[in-house]
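Engineer: Offset between the sequence shown (1-based) and the working numbering: plus 760.
Even for Gly, the Cβ is constructed at its ideal location relative to N, Cα and C.
Sharing a structure below in structure tokens format, with a few things to ask.
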Amino acid sequence: MAAAAAAAARGAVAGIVGRWASWAARCPGAGRALSGLSGRCVRLVRVPAAAPLWKPRLLWGSLSGGGTPPVLSSVTSLLPSILQQPVRTLTYCSLRNGKRKTVKAVVDRFLRLHNGLWVRRKAGYKKKLWKKSAAQRKRLRELVLCTRTQCKLLDKMTTSFWKRRNWYVDDPYQKYHDRTNLRV
């Protein structure tokens, strides 16, 4: 153990003196500058392969310890759209059948009318109703029609099975399935 440490120390000293060897060869009287070493001694020292004189240190410490650089953390809070892209978990080609698959979240959250419009609930219609007024609770119970671009996106995320016409007994949306004089 001690022999390995001594060899490492010798290698480090040889690396330092070896780097100064070229400088000592060019400058007259450089031997006195190297702590009393003569120019002849400096020329005889062999340079080891690679021994850096210093280790580069990060300004924010070791990243492997779990710390994040302060610049990166401040930028991530400002730019969430770049780091967190919206995801449509749409399968274009399934492994079993090789067909497109429906995104189940769309079927759970939206209702497609036969005229092509999609209906959704307002955001927060179930959340913290105890602190909302009666008028606000009534507004949240209402249904909202999606925009044209939203309808196109939702149509792409579902298969033709969910676009067919269904006939339900006592369907509350029966009068909304067929539209008249309404462009989407």
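Note down the Cα distance separating Arg925 from Arg869, rounded to an integer number of angstroms.
Structural biologist: On the sequence shown, residue 925 is found 165 positions in, with the first residue counted as 1. On the sequence shown, residue 869 is found 109 positions in, with the first residue counted as 1. The straight-line gap from Cα to Cα measures roughly 18 Å.
Engineer: DSSP three-state call for Leu873: helix, strand or coil?
Structural biologist: One-based indexing of the sequence shown puts residue 873 at position 113. Coil at Leu873, not helix or strand.
Engineer: Do Lys923 and Asp931 count as a contact pair if the criterion is CB distance below 9 Å?
Structural biologist: Position 171 of the sequence shown, counting from 1, holds the residue named residue 931. Position 163 of the sequence shown, counting from 1, holds the residue named residue 923. For Asp931 and Lys923, no; Cβs fall outside 9 Å.
Engineer: How would you call Arg872, buried or exposed, if buried means at least 16 neighbouring beta carbons within 10 angstroms?
Structural biologist: As a first step, residue 872 must be located in the sequence shown, where it is residue number 112. Buried is the call here.
Engineer: Under a Cβ-count criterion, where at least 16 other Cβ atoms within 10 Å of its own Cβ denotes burial, should Gly907 be classed as buried or exposed?
Structural biologist: Position 147 of the sequence shown, counting from 1, holds the residue named residue 907. Per the sequence shown, residue 907 should be read as Thr rather than Gly. The residue is exposed, with fewer than 16 neighbouring Cβ atoms inside 10 Å.
Engineer: Helix, strand or coil: which one does DSSP assign to Arg881?
Structural biologist: Numbered from its first residue, the sequence shown carries residue 881 at position 121. Arg881 falls in the strand class under three-state DSSP.
Engineer: Give me the Cα-Cα distance between Arg899 and Lys892, rounded to the nearest whole angstrom.
Structural biologist: Counting from one through the sequence shown, the residue named residue 899 turns up at place 139. Counting from one through the sequence shown, the residue named residue 892 turns up at place 132. Each residue's alpha carbon lies about 11 Å from the other.
Engineer: If you follow the alpha helix (DSSP H) that Leu900 is part of, which residue opens it and which one closes it?
Structural biologist: As a first step, residue 900 is located in the sequence shown; it is residue number 140 there, counting from the start. Run containing Leu900: 894-901, per the alpha helix (DSSP H) assignment.
Engineer: To the nearest angstrom, how far is it from the Cα of Gln896 to the Cα of Asn941?
Structural biologist: Taking the sequence shown and counting its residues from 1, one reaches residue 896 at position 136. Taking the sequence shown and counting its residues from 1, one reaches residue 941 at position 181. Rounded to whole angstroms, Gln896 to Asn941 spans 31 Å at the Cα level.
Engineer: Quick test of your reading: Thr851 and Thr919, contact by CB under 8 Å. State the CB separation rounded to the nearest angstrom.
Structural biologist: Taking the first residue of the sequence shown as 1, we reach residue 851 at position 91. Taking the first residue of the sequence shown as 1, we reach residue 919 at position 159. Going by Cβ atoms, the distance from Thr851 to Thr919 rounds to 10 Å, so no, they are not a contact pair.
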